[in-house]
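Here's the structure we're looking at; comments come further down.
2 protein chains.
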Amino acid sequence: MSSPTAVEPFPAHTSAASQIFTTVLSQGPLTRLEVARRAGLSAAAVTRAVRPLIEDGYLAEDADEGARPALGRPASLVRVNGGRALFIGVKATGDTIIGVLTDLRCRILVARHIPLPARDPKSVLGTAAELVRELLIEADGLGVRVAGLGMAVSGDVDRAEGVVRYSPFLEWRDVPLAELAAMTTGLPVTVDNDVRALTVAEQWFGAGVGLSGFAVVTVGAGIGCGLVVHGRVVAGAHGVAGEIGHVTVDPAGPRCHCGNRGCVEAIASDEAIVRQVSAATGVQVADAVEAAGLAHDGVAGAREVYARAGDAIGRAIATVANLLGPERVIISGEGLAAYDLFADHIRDAFATAAFGSAAQCDVRTRPLPFDEWARGAAATAIQSFIRSDAN
Amino acid sequence: MSSPTAVEPFPAHTSAASQIFTTVLSQGPLTRLEVARRAGLSAAAVTRAVRPLIEDGYLAEDADEGARPALGRPASLVRVNGGRALFIGVKATGDTIIGVLTDLRCRILVARHIPLPARDPKSVLGTAAELVRELLIEADGLGVRVAGLGMAVSGDVDRAEGVVRYSPFLEWRDVPLAELAAMTTGLPVTVDNDVRALTVAEQWFGAGVGLSGFAVVTVGAGIGCGLVVHGRVVAGAHGVAGEIGHVTVDPAGPRCHCGNRGCVEAIASDEAIVRQVSAATGVQVADAVEAAGLAHDGVAGAREVYARAGDAIGRAIATVANLLGPERVIISGEGLAAYDLFADHIRDAFATAAFGSAAQCDVRTRPLPFDEWARGAAATAIQSFIRSDAN
DNA sequence: CTCGTTATTTTCCGCTGTCAATGAAAGAAG
DNA sequence: CTTCTTTCATTGACAGCGGAAAATAACGAG
C-alpha cells in the first residue's frame with residue numbers, strides 16, 4: 031500500500047484498538063463486554079479503545095432494544111459507523127472492469143462496469159482510473175471521503191509490494207500496480223490476488239466470520255481457492271497458493287492448458303464444460319449459459335458433463351478438507367448459475383472422498399454476483415486502512 | 031498437558047522471553063544482536079530476557095571464536111544449555127514402543143525399544159510406563175531432572191486436551207492419554223499426533239528451522255503429512271489434518287481400505303507395494319524389504335511398482351505445493367530405505383504436476399531412523415515446557 | 001595511549017492492559 | 001417511593017514490557 035497524499039489515517043491508537051474495531055466490524059453490533067470476551071481483553075480495555083473511536087466517528091452506540099435481560103443495567107451496543115469512510119474496489123476481468131463504491135462496512139453503494147479496450151497495463155490503468163473518477167464523484171455527492179482503493183487481479187500478486195508478478199490472463203509481468211494507481215488516483219492503493227480478496231471479504235463480512243480456518247472455492251471461468259488457516263489468509267512462498275484448479279482428479283482425463291491431464295479446471299471450468307458439452311451432444315454451444323440450457327433441457331450428454339464436473343469439484347474440495355481440516359468450505363463463483371446441475375454430485379463426491387472426520391466439514395454455497403469480486407477488492411482496502419500491518 | 035507434581039516450570043518471565051529462547055534453541059548459537067534481529071525485538075529486550083535465563087542455567091554464553099570481525103567489540107554467542115533439562119519421547123507403533131531420552135536441545139541420549147504385548151490402552155500404557163521408568167533411571171544417572179514426557183500416537187489426537195480421539199491403528203477411542211500417563215509417571219505429559227510431532231521436531235530442530243511454511247511427508251507403513259503454515263503446525267477443525275494419504279491420484283487405481291480408489295496410500299504405502307510387487311512378479315514377498323530387494327535386483331515388474339508409487343507421491347506433494355505454496359517439502363519415513371527406487375519418479379511427477387511458481391518449492395529428503403518418531407514426541411514435550419500456550 | 005568501531009548494557013520513559021473499586025441503569029421487593 | 005440486587009460500564013492506580021538513546025565494554029589500528 032502506498033499513500034501519496036496525506037490522507038488522515040485510521041486512529042488505531044493501540045494494537046488492541048484495531049483488534050477491537052475489527053471484532054465490531056465483522057461480528058456486528060456487540061456490547062462492550064461481548065467485544066471484550068471475543069477479543070480476549072478486559073472490559074476496561076474495550077471501554078478505553080472504544081471512546082476515541084466513537085469520538086472520531088468510526089463507531090457509534092445504540093441502546094440494545096432487542097434482548098433486554100430481566101435484570102441489571104441494560105447493555106448498549108457498539109457498532110461500526112459505515113458512513114464514516116468510503117472505499118473503492120476494482121476488479122479487472124478479461125473484457126470489463128468492475129468497480130464498486132462501498133462504505134466502511136463493505137456494503138456496496140454504487141457499482142459500475144466499463145468495457146475494457148485492451149489488456150496492457152496502460153489501457154487497464156486508464157480505464158480503471160476513469161472508473162475510479164466516476165465513483166469519486168459519487169462519493170463527493172455523499173460528502174464522504176474515499177479512504178482507500180483496492181484492486182484485485184488474477185494471478186501471482188505480491189500484496190505487500192503492490193506488484194503484479196505475473197498474470198497469465200492479462201499477460202502482465204512485474205507491474206507495480208499499486209504505485210501506478212496511487213499516482214493516477216491519489217488514493218492509498220492495495221493490490222491483491224482476486225481470489226484472496228474475495229476470501230478477505232468472506233472472512234470479515236461473509237460466511238467466514240469468526241472462523242480460524244476455512245476455504246473459498248470459486249467455480250467459473252477458472253477454479254480458484256482461497257484459504258484461511260490460523261485466522262490468516264494463506265499467501266504461499268512464491269505468491270502462488272490455492273491453486274486448486276490444477277489438482278489432478280483423473281490422470282486419464284482431458285488435457286489441461288497447464289500441460290497435465292485431468293485437472294479440475296480441465297473438467298469443470300466454464301470453458302471445459304462448453305467444450306465437453308459440445309463434444310458430447312454434437313451441438314456447438316457458445317458459452318456456459320447455453321451449455322447449462324442444454325443440461326436443463328434434460329439432454330443426457332450435457333447432464334453427464336455437469337455430473338463429471340461436480341464430481342471433480344467435490345473431490346478437489348475433499349482434498350483441501352483432508353489436508354487442512356477447515357471448519358467450512360464456501361463454494362461460490364459465476365458457475366453457480368448452473369449450480370443445481372452439479373450440487374448433488376459435489377456433495378456425493380465430497381462425502382466419498384473426505385476421510386474420517388474431515389467429512390464433518392460444513393460445505394455450503396453462496397451465490398456470487400459479479401460485483402462481489404470488486405467488493406473483495408474493497409475489503410482488502412478496508413483491511414489495509416484499519417491496520418497497516420494487514421496480513 | 032497436565033502436571034501432577036509441582037515441577038519447577040520454565041521461567042518464561044515474558045512472552046518475548048520464550049520467543050527469544052525459542053530463537054536461540056532452533057537457530058543455534060547466536061549473538062544477542064542477531065537474536066534481536068531474528069526475533070524482531072530490540073537489543074535491549076534481548077539482553078534483559080537473556081540474563082535471567084543464563085542465571086537459571088537455561089542459556090550459556092561463549093566467546094565467538096569463529097568469525098571475529100576486524101573491528102569493534104567482539105560478540106559473544108548465546109546458546110542453549112542442553113544439559114539443563116531432559117525430556118522423554120515415546121511413540122507406539124503396532125508392535126513396539128520406542129522411547130528416547132533427549133536433552134533440552136532434543137539430542138537423543140538414550141533410545142530404547144520394548145515389544146508391545148497388546149494394543150489396548152492399558153497394555154500400551156503399562157509398557158510405556160515401564161519404558162519411561164528405565165529412561166528415568168538413565169536420567170538419574172546423569173543427575174538431571176526430566177522435565178516432560180511427550181507421547182506420539184497416530185490418528186486423531188487432541189493435543190490441547192491430551193486425548194486420543196480415535197486411533198484406527200491402535201483401535202482406541204477417546205482415551206485421555208495425557209491424564210493417564212501423568213498419573214502413572216508423575217511427569218507433565220504432552221500428547222500429539224505422530225506426524226505432527228515429527229513436524230514440530232523438523233520445525234524446531236530440523237530442516238524446517240526458520241521457515242514459516244513447509245510440509246513434512248512421511249512414506250512408510252502409511253503416507254502422512256505434517257503442515258506448517260504461518261509458522262504454526264496445522265491442526266484442523268476436527269483433529270484431522272495432513273491426510274495426504276487419501277488424496278486421490280488415480281480414480282481407476284487400486285481400492286484403498288478407506289473405500290475409495292487410487293489413494294496415494296493404496297499405491298505407495300509399504301503394504302500396497304508388497305501387494306503390488308507380489309502381484310506383478312508372481313513372487314510372494316513378505317515385506318517391504320523383500321519387495322525393494324526384487325526391485326534392486328532389476329526385476330521389471332517390481333521396478334514398475336516403485337515407479338508408480340513415486341509418481342503418486344510426487345503428484346500428492348505437488349497438490350500440497352499448489353494449494354499452500356510451502357517454502358520446502360521434506361520427504362521422510364521408513365520407506366526411504368528404498369528411496370533410490372522412487373526418487374526420480376517423485377521428482378518428475380512433482381515437476382510435472384506443480385503449477386507455476388509452486389514448482390520452485392524446495393523438495394528434499396531426509397533419512398528417518400525409527401527413533402526419530404520418538405524424538406518428535408520429545409520435541410512436543412520441549413515445546414510444551416517452554417511455553418504452555420504452545421500451538 | 002587515543003580513536004574508531006561494534007556489541008552490550010543501562011537508564012529512563014511511555015504505553016498498554018489488568019485489577020479492583022466505583023458509578024450507572026434498570027427491575028424487584030418491601 | 002425507597003432500597004436491593006444485578007449487570008454493564010468506567011475510572012484510577014499500577015505494574016510490566018519493550019523501545020530509544022546514552023553509556024559502557026572490548027577490541028584493533030594508529
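If you're matching them up, the sequences are chains Y and X in order. First residue of the first sequence: 31, per this note's numbering; consecutive thereafter. First residue of the second sequence: 31, per this note's numbering; consecutive thereafter. The beta-carbon is built from N, C-alpha and C at its ideal position, and this holds for glycine as well.
Distance between Y/Ile303 and X/Gly328, taken at the CA atoms: about 45 Å.
Sequence-distant Cβ neighbours of X/Thr395 in its own chain, meaning closer than 8 Å and more than five residues away, are Ile360, Ile361, Ser362, Leu366, Tyr369, Ala373.
One thing to note: X/His268 has its Cβ within 9 Å of the Cβ of Y/Gln390. Check the Cα spacing between Y/Asp86 and each of Y/Ala47, Y/Arg67, Y/Gly58: the tightest is with Y/Ala47. Taking every protein chain shown into account, the CB of Y/Lys152 has fewer than 16 other CB atoms within 10 angstroms, so this residue is exposed. Interface criterion met: the Cβ of X/Ile274 is under 9 Å from a Cβ in chain Y. Interface with chain Y (9 Å Cβ-Cβ cutoff): X/Gln413 is excluded. Check the Cα spacing between Y/Gln306 and each of Y/Tyr196, Y/Leu83, Y/Pro284: the tightest is with Y/Pro284. Assignment of Y/Gly113 by DSSP, reduced to helix, strand and coil, places it in the helix class. Using a CB distance below 8 Å, the part of the segment 276-287 of chain Y facing chain X consists of His276, Val277, Thr278, Val279, Asp280, Pro281, Ala282, ordered along the chain. Within chain Y, Leu353 have C-beta atoms less than 9 Å from the C-beta of X/Val350, given in sequence order. Short of 6 Å from the beta carbon of Y/Arg291, and not among the five residues preceding or following it, lie these beta carbons of its own chain, in chain order: Pro281, Gly283, Arg285.
Apart from the 5 residues on each side of it in sequence, Y/Val176 sits with its Cβ closer than 8 Å to the Cβ of Ala115, Leu116, Phe117, Ile118, Leu131, Leu165, Leu166, Ala169, Leu217 in its chain, given in chain order. For secondary structure counted as the beta strand (DSSP E) over 3 or more consecutive residues, the segment 35-101 of chain X holds these complete runs in sequence order: 89-93.
Boundaries of the alpha helix (DSSP H) around X/Ala373: 369-383. Look at Y/Ser362: its C-beta is not under 9 Å from any C-beta on chain X.
Rounded to whole angstroms, X/Glu38 and X/Thr61 show a C-alpha spacing of 28 Å. Per DSSP, X/Phe244 is not a residue of any alpha helix (DSSP H); the beta strand (DSSP E) it occupies stretches across 244-249. Chain-order list of chain Y residues neighbouring X/His260: Val259, His260, Arg262, Val264, by C-beta distance under 8 Å.
Close CB contacts of Y/Ala265 within its chain, under the 6 Å cut and outside five residues either way in sequence, are with Ala271 (chain order). Y/Thr248 has a beta carbon lying at 9 Å or more from every beta carbon in chain X. Here Y/Pro356 is buried: its Cβ has 16 or more other Cβ atoms, across all protein chains shown, within 10 Å. For Y/Thr126, the number of other beta carbons within 10 angstroms of its own is below 16, and it is reported as exposed. Non-local C-beta neighbours of X/Gly185 in its own chain, meaning closer than 8 Å and more than five positions away in sequence, comprise Val194, Arg195, Tyr196, Ser197, Pro198, Phe199, Leu200, Trp202, Asn223, ordered along the chain. Think of a sphere of 8 Å around the beta carbon of Y/Glu357: the chain X residues whose beta carbon falls inside it are Ala267, in chain order. The shortest CA-to-CA distance from X/His260 to any of Y/Ser242, Y/Val247, Y/Ala407, Y/Ala251 is the one to Y/Ser242.
Per the coordinates, the alpha-carbon of Y/Glu91 lies some 55 Å from the alpha-carbon of X/Gly289. Within the segment 189-219 of chain X, the runs of beta strand (DSSP E) at least 3 residues long that lie entirely inside it are, in chain order, 193-197, 202-205.
Residues of chain Y with a Cβ closer than 9 Å to the Cβ of X/Ser387 are, in chain order, Asp186, Arg195, Tyr196, Gly266, Ala267, His268, Gly269, Val270. Runs of the beta strand (DSSP E) spanning 3 or more residues and lying entirely within the segment 153-187 of chain X occur at 176-183, in chain order.
For the alpha helix (DSSP H) assignment, the uninterrupted runs of no fewer than 4 residues enclosed by the segment 310-368 of chain X are, from N- to C-terminal side, 318-326, 330-354. If you check each beta-carbon in the segment 364-383 of chain Y against every beta-carbon of chain X, the ones closer than 7 Å belong to Thr382, Ala383. With 16 or more other Cβ atoms from the protein chains shown falling within 10 Å of its own Cβ, X/Arg405 counts as buried.
DSSP places X/Pro145 within a strand segment (E or B) once states are collapsed to three. Beta-bridge analysis with DSSP links Y/Val277 to no other residue. Taking X/Val120 as reference, the option from X/Ala409, X/Asp188, X/Gly344 with the minimal CA-CA separation is X/Ala409.
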